[in-house]
Each structure stands twice: as C-alpha cells, then as structure tokens.
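S.K.: One structure is given below, represented as structure tokens, and several questions about it will come after.
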Amino acid sequence: GYSSQDLLGTSVFAPVHPEDREVVEEEFCRGMHTHGSGRSIYRYRHQNGEYRWFESTGRAFQTALGEHRAVVISRDITQRKQWEDALESIVKGNVLPGSPNFFEVLVGELAKALQVSMVFLSERIEKNDTKARTLAFWNQDHFEPSTVYECMGGPCEKVLGGDPVNHPSGVQQLFPRSEAVQTLRVEAYYGTPLFNSKNEVVGNLALLDTQPLVLSSQGQNLLKIFAARAGAELERKRAQEEVQKSQDQYRELYDQTPLIYFTVNSQGIVLSVNQYGAQLLGYRVEELLGTCAFSVVHEDDRDLFQSGLEKGFRESTKGVLPEFRKVKKDGTIIWVKETIQAIEKQSGPRVWLLSCEDITERKRTEEALALSETQLRHTQKMEAIGTLAGGIAHDFNNILGAILGYSELAMAYATQDERLKSYLTEVVAAGNRARDLVKQILAFSRRSEKDKEAIDLRLVIGDVLQMVRASFPSLIEIRTSLDLESTVIYGDRTQIQQVIMNLCANAEYAMREEGGLLEIVLSHEGIPEEGIPGMSMLKAGSYLQLVIRDTGKGIPLEMLERIFEPFFTTKPAGEGTGLGLAVVHGIVHNHGGGIAVSSPPGGGTTFTVLLPRLDVVVPVKPEEVMAWPTGSGRILFVDDEEMLTRWGTQFLSHLGYSVVASVNPYEALDLFRAHPWDFDMVVTDQTMPTMSGEALSRALLGIRADIPILLCTGFSHTMTQEKAKQLGIQAFLMKPVNGLSLALALRDILDEGPTPDSTFPA
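In terms of my numbering, the sequence shown opens at residue 17 and continues consecutively.
Shown next, in the form of structure tokens:
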C-alpha cells in the first residue's frame, strides 16, 4: 500500500508489528553478521492501518567497497495464515467436538479464512431425501437460525448426490427456481458433500457470495478439509443422538415399567430407583437414593430379605427372593416378588439390579381362595356330621314323641294318684330336656324346620341381656349400642336367643378371672354383589350386623380355624362340650347369615354375626291356651313308627275323635281312596321310608281337594312351612309333637272348615 518514495529513508522495521519486531531485528542482524541467509514470518502494517502477514527471505553480502548489504524478498501470506489459523482452530480443537457451537465456529472460521460473505453447513434429514436442515449459517456478520430447505432445483441438489459443485458466478441465472438462491442473491457457489464412515452423503458444506468469486485450488482444498472434519463431527453427533435416544427410551422403559427397580451396591445402598417404583412406594426418587434397601422392607421380613439378598450377592446368576412385604411411605403394606441380578461393569465395583413385582392382589386372591376352600371344607365337614346327627335326631324324635305323648296321656288318667302323677311329671320334664337337646342337634345340622317368624333382634338382645346380667361377675362391664331402627329379621326366636346367650357366655368365661368389658353393638350392613371377605356365601342385600366383643384372654391363632368345629373347645376338660359354637354356626347359617371371629395378638375376641334384615312390623303373638281342646270327627293318622300311631290313636280318642291309624302310607292311601268322604282330616308324618308325607298329601288332595291335612316332621330337606301351605296343607308341626300342640292344631284346622278347591294343585 506504500509508494517507493514513502519507504525510502525509513527504517524497514518501523511498520513491523511491535510483537514481531524484536524477533525480526535479531534475525536480520544475525544474517548481516554472518553474511548468511535467513527467513522470517511477521505482521506488517498496511498503509490503511491493518496488519498483514508477510514471509521474507534474505541474504547478506559485502560490496567491493566493504559495505554490508542485504537482498530481501517478501511476499504477502495473509490468506495462507488465515487458512492455517482456521485449520488450527478446527483440527487442533480450539472448539471441542460436541460443543453446541462447534458447527458455527467451523463455518465462521471458514468464512474468515476465505473472505466470503456466506458459509453454511447442513445435514440431510433422511437418507435419499432431497431436504436438508442448516446446522450453522454465517451470513455477512451474523448467524441465521436453523431452517429446513428443499435442495431440488438448487445447487445443493448435486452436492447431495455426492459431487462437489463450483460456480464462480451466474448462480441466479443457473438456478432461477431456487427460492434460497434468489432470496439471498447468490452469485457464486462452492459446495462439497459431507460423508460418513460408510461413504454416505450426510450433509453439505457450501460457500456463497453475492459477488463473483474465483476460489483458488488452495481454497478448494481448505473447503474439502473442513468438509471432512464436519462430516466426522456430524456422524459423531448423530451417533451421540442415537445413543441418547436409546438411553432416553431405556430410561422411560426403566421409569414406567410397572415394576419396582432398585440398583444397589454390595452394602444394599440404593444407587438408583425407577420413577414408577418410587411413586408406588409413595416417595420421590431423590428420597430413596442413598438409603438402604432394607428401609422399605417390612420389619418382620427383613431377615428373609437379607438372606435372599446375600445369596444373590454371592451368585452370578439371576436369583429369586422369597415373597415378602414392603412398606409404603404412608404405612400401607404390599406383597412383592423380587429377583436379583448382578450387573457387570467395565470399571468400578459390581452393582445389582433388584426387580420387584407387586403381587398384593394375587396374594389377596390366594388368601380369599384359601379361606373359601377352608370354609368349603368346614361346610362339608359340618354337612357330613349334620347328616349323621339329623338321622339320629329323627329317630330320637319319634321315640321322644311316644315317651312324651304317653306320659301326658297317663297324667290325664292319673288324677287320683298324686305319687304317680309326680313320677310322670318327672318323665315329661326329662323328655322335654331331651327334646331341647334334639333341637340343638338339629340346629347344629341346620335341619331344624321350626316355624320362623319376623322377630325384632334388638328386643331379643335386650331380653337375653336381662337374663345374663345377673349371672355376670361385677368385674365385667356390659356396654351396648342398640339404638337402631328397622332391626327385624326372619328367624327362630329361641335359636337366636341361644346364639346370643352362647356368645355372651363365652365372653364371660374369658373375662371371669380378671374382669373386662363386654361390648354388644347392633348396626346395619350392606353386602355388595361381589360379597365380603370371610363371608363369601352371603347373598347381596341388607343385613343386621351384631358384634359381640370382649377384652378377655383371646383365642390363639392356631385355634381360630377350628373354633366352629363340633366338639372342639378351648376350655379345660369337663368345662365344655365343644358343641356351643358349632350350634351357633349352624343356627346362623340356617338363618341365611354368616359368622366370623377375630382375636388379635393383644387379647380379646370379637364375634361378628350378619343376619338378613326385614322391612316389616313384628306381629303380636296371641296368648297360649293351656287346656287340651276336645273335638269330634274321623281322623286318618299315618306314621311309620307303630308306637306313635298307637299313641295318636289313644290320645285323639281321649279328646273325642274317631281315629283310623296306619304305619304304611300306601295302605292309608288305599283306605282314603276307598272312602274319601268318611274322613274329616288327615295327620301324617313327613319322613317315611316308602312314601313321604308330601307325596301322600298330593295323592290325597288329588282324590279329594278339600281334605284338611296336618303334616308332622322332625326335619326335611324338601318340605318347608311355606311349601306345605302352597300344596294345601293346613298346618305344619315339628316333632316331637306334644299333646297340647296337636290338640290346638286339630281344633284350629277343623274350626276353619274346608279350603277352596282353587288352593290345591290339580
């Protein structure tokens, strides 16, 4: 930038950059002193004030006159230095690969080195796609935002095909349909493809200028060098993105898989936990990191967990721990099935992955199934014993019927002999005790068919409490909660009293020595369609719940499962028969209800009884008539027990009736068929070996539809009072039948007169 005149007479070192001047002067002086040659690279100030790079070579010599001179040749290497600086920035790593601004630095350095107005670097969006996305775009003095552009119809199309493109000028005329070319007013274009390690085109590096530009071969080589570096970085970037994507997918899978994942070290310290597992346990992930895996294990299962964990630490294969319980942050307990697997690492200590599956629902199902199976076995056992007991009770009822019937009949004739009358009174009393025992056996076997009625359970409880309060020690407090409306059930008052008295007696026995509290609570309970645990046999509907709870010694866990078994008792020998709770169980189930017992480790026992509730008003019972009513008429008396037919004949004759008796129902049917209008009424047993009372009644009613029938039974699987009425049977008596009940029934039926034909089956 200087003229010759400007430099004549001036120091050659004056325009040299101050930082380079000392080195240049030393090099020059050394050459002059040795008459040798030298080379220097330095910055020299242009006339316009900017510094440019120069390379100078020179040689010193001495003239004939002995003067020291030097010849120096200098050339401008500014562009070369810019290229070298750019290469050094990219190749030697002034910007680390993977840095967010790596591509921006690359295109910026390239623009500065080649002195062009625009440089951009783009990546191909998809393999074989014609669209690309700019990763860095230097435009004059700033970076443009990333954008997606179409290469088809522009200079980049050929570059993505794998060929470099050089257009020193005329680009707008060459590519008139390229929106980008026209918008940027591109005149010169130099582009080179970016290749990956598989030699696939993954992008494009291009120089643009709004003026014609002739790029030297060195400049084109620099462009190729930058393109090679950019291609390698782009491949590394994509590989990193794939790894990150894979890690993100794994992390999402790890976090969202419905399992609890813990990574622990050899001390059981939690190194990582997945999001799902932390949320399931009620924690944030951060709260569990660094804690011991034992911290969320139920304290009763920690020894089991530790032994399984230690075994897993010792073995290299995947292991399964015994099922155990974990405790959530809120105290909720869940059951888990856990596996342990060692994770081998290239460096660092080994870690283990604990994979836990929540099996709480499965456990509940298994427990419910086991309970149902236990209940089924218990029911089958009770049914088997009940079948035996019911059969014995049936025969015993017939015997008792004869004993009581003849004793009462004898008492009617022993009016003058007080001693004989007293003896017979004792016989009747003993017979009644035996009858009550048979009732218990039938209640236990669920075959008692005694008339049920609508009864107010609240009043029944009150009656029982009046009886038991006097017998309870003063150390026992009785507390009740019975203030409830609609407390009517359909049942046998005596049997329900027996249930309450038995449960209260058991509570008294448990608190007899140290005293305590007896609570009796009555409430409404609804059973949903899916039922409730422990009472799966109950139908959906409205129930009354009776809870009888004591604070006594409690019942050991191993005995609870057998508590309702016949002849099983927790009392010492001689203090209990073992029939009480078995009878209670039978009565409750015979009433369509359920009973459950619980006894926590701290003591005390709770019995919960559920009985179907009725929305009816309890009727008032009429006063009982104590005298035997007499009557007249001809009665057909049928029973397979001969002693009962003899008693029936004599007893009814004593009351004034004419009796025809038969121990064979077929014979009785023939008698009736021969003279149907000779009989005013039929009294028949239900359970007979050749023909049931039901079948006989159907046959009799088929012959004469208005014949009154009285059916007597100890128990029956097929006959109920309701069914008897539907058949047209006027009365239904339970054996053993006493004289008063039979006399009253006969009188009631005969006084009503014949029933309409329409009430009997054809």
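Every residue, glycine too, gets a C-beta built ideally from N, C-alpha and C. All values derive from a computational prediction rather than experimental measurement.
Can you tell me which of G52, V600, I725 puts its alpha carbon nearest to the alpha carbon of D701?
M.R.: I725
S.K.: Please classify R55 as buried or exposed, where buried requires at least 16 other C-beta atoms within 10 Å of its C-beta.
M.R.: exposed
S.K.: T621 to A523, Cα distance in whole Å?
M.R.: 8 Å
S.K.: Measure the beta-carbon distance from L416 to P752 and round it to whole angstroms, keeping in mind my assumption that it falls under 8 Å.
M.R.: 4 Å
S.K.: Could you tell me the boundaries of the beta strand (DSSP E) in which D22 lies?
M.R.: Looking at the DSSP string, D22 is not in any beta strand (DSSP E); the run it does join, the alpha helix (DSSP H), is 20–23.
S.K.: Please determine, among L122, E195, L758, the residue with the shortest C-alpha to C-alpha distance to A248.
M.R.: L122
S.K.: Hey, could you find the ends of the alpha helix (DSSP H) H183 is sitting in?
M.R.: First-last for H183: 181–183, but that is the beta strand (DSSP E), not the alpha helix (DSSP H).
S.K.: Quick check for students: name the residue ranges of the alpha helix (DSSP H) that lie wholly in the stretch 262–335, counting only runs of 4 or more.
M.R.: 291–296, 301–304, 318–330
S.K.: Assign T703 to one of two classes, buried (16 or more other C-beta atoms within 10 Å of its C-beta) or exposed (fewer than that).
M.R.: buried
S.K.: Check for me: the beta strand (DSSP E) holding K128 runs from which residue to which?
M.R.: Taken as a continuous stretch (DSSP letters only), K128 belongs to no beta strand (DSSP E), being part of the alpha helix (DSSP H) at 118–130.
S.K.: Which term fits P681, buried or exposed, when burial requires 16 or more other beta carbons within 10 angstroms of its beta carbon?
M.R.: With 16 or more other Cβ atoms within 10 Å, it is buried.
S.K.: From which residue to which residue does the beta strand (DSSP E) around I141 run?
M.R.: Going by DSSP, I141 is part of no beta strand (DSSP E) at all; its letter is neither H nor E.
S.K.: Return the first residue and the last residue of the alpha helix (DSSP H) that R689 is part of.
M.R.: From DSSP, the alpha helix (DSSP H) with R689 extends over 681–690.
S.K.: Going by the C-beta, is R449 closer than 7 Å to any heavy atom of the ligand NAP?
M.R.: Ligands are entirely absent from the displayed structure, and the ligand NAP is therefore not among its contents.
S.K.: Going by alpha carbons, who is nearest to W154 out of Q131, K147, C172?
M.R.: Q131
S.K.: I need the boundaries of the beta strand (DSSP E) containing K174, first residue and last residue.
M.R.: Not the beta strand (DSSP E): K174 falls in the alpha helix (DSSP H), residues 172–176.
S.K.: Checking 8 Å against the spacing of the C-beta atoms, do K468 and G507 come in under that value?
M.R.: yes
S.K.: Under 8 Å, with one C-beta from each stretch per pair, do the stretch 306–322 and the stretch 337–345 reach the 3-pair mark?
M.R.: In the pairwise beta carbon analysis, the stretch 306–322 is classified as touching the stretch 337–345: at least three pairs are separated by under 8 Å.
S.K.: How many Å lie between E434 and V444 at the Cα?
M.R.: Roughly 15 Å between the two C-alpha positions.
S.K.: Looking only at DSSP bridge pairs, what is V613 linked to?
M.R.: V613 pairs with F623.
S.K.: State the DSSP-derived secondary structure class of A643, mapped to helix, strand or coil.
M.R.: Residue state, collapsed to three classes: coil.
S.K.: Is the beta carbon of F623 closer than 8 Å to that of I564?
M.R.: yes
S.K.: Can you check whether the CB of L210 is closer than 8 Å to the CB of G219?
M.R.: Going by C-beta atoms, G219 is nearer than 8 Å to L210.
S.K.: Tell me the residue span of the alpha helix (DSSP H) that contains R485.
M.R.: 473–485
S.K.: If we ignore side chains and look at the alpha-carbon of each, how far apart do L749 and S757 end up?
M.R.: 8 Å
S.K.: Mark I350 as exposed unless 16 or more other C-beta atoms lie within 10 angstroms of its C-beta, in which case mark it buried.
M.R.: buried
S.K.: Cα separation between G590 and Y525?
M.R.: Residue confidence is low: G590 scores 42 on pLDDT, short of 50, so the model does not pin down where it sits. Its coordinate-derived value is still stated next. Distance between the alpha carbons of G590 and Y525: 14 Å.
S.K.: The beta strand (DSSP E) that contains G542, what's its start and end?
M.R.: 532–543
S.K.: Would you call the stretch 185–199 in contact with the stretch 159–172, where contact means no fewer than 3 C-beta pairs closer than 8 Å?
M.R.: yes
S.K.: Assuming the contact rule is C-beta atoms closer than 8 Å, L652 and A684 should be a hit. Round their C-beta distance to whole Å, please.
M.R.: 6 Å
S.K.: Hey, I285 and V352 are a contact pair by Cβ (cut 8 Å); roughly how many whole angstroms apart?
M.R.: The Cβ separation is near 19 Å, so there is no contact.
S.K.: Name the two residues that bound the continuous alpha helix (DSSP H) containing M13.
M.R.: Nothing in the structure corresponds to residue 13, since the chain is present only between 17 and 778.
S.K.: Quick one: residues in its chain with C-beta nearer than 7 Å to the C-beta of D631, no 5 flanking neighbours on either side, listed in chain order?
M.R.: Hits under 7 Å: S502.
S.K.: Would you decide whether N237 is buried or exposed? Buried here means 16 or more other CB atoms lie within 10 Å of its CB.
M.R.: exposed
S.K.: I'd like the list of long-range same chain contacts for E173, defined as Cβ closer than 8 Å, with 5 residues on each side in sequence excluded.
M.R.: T146, C167
S.K.: Does the stretch 534–541 come close enough to the stretch 603–613 that 3 or more CB-CB pairs lie under 8 Å?
M.R.: no
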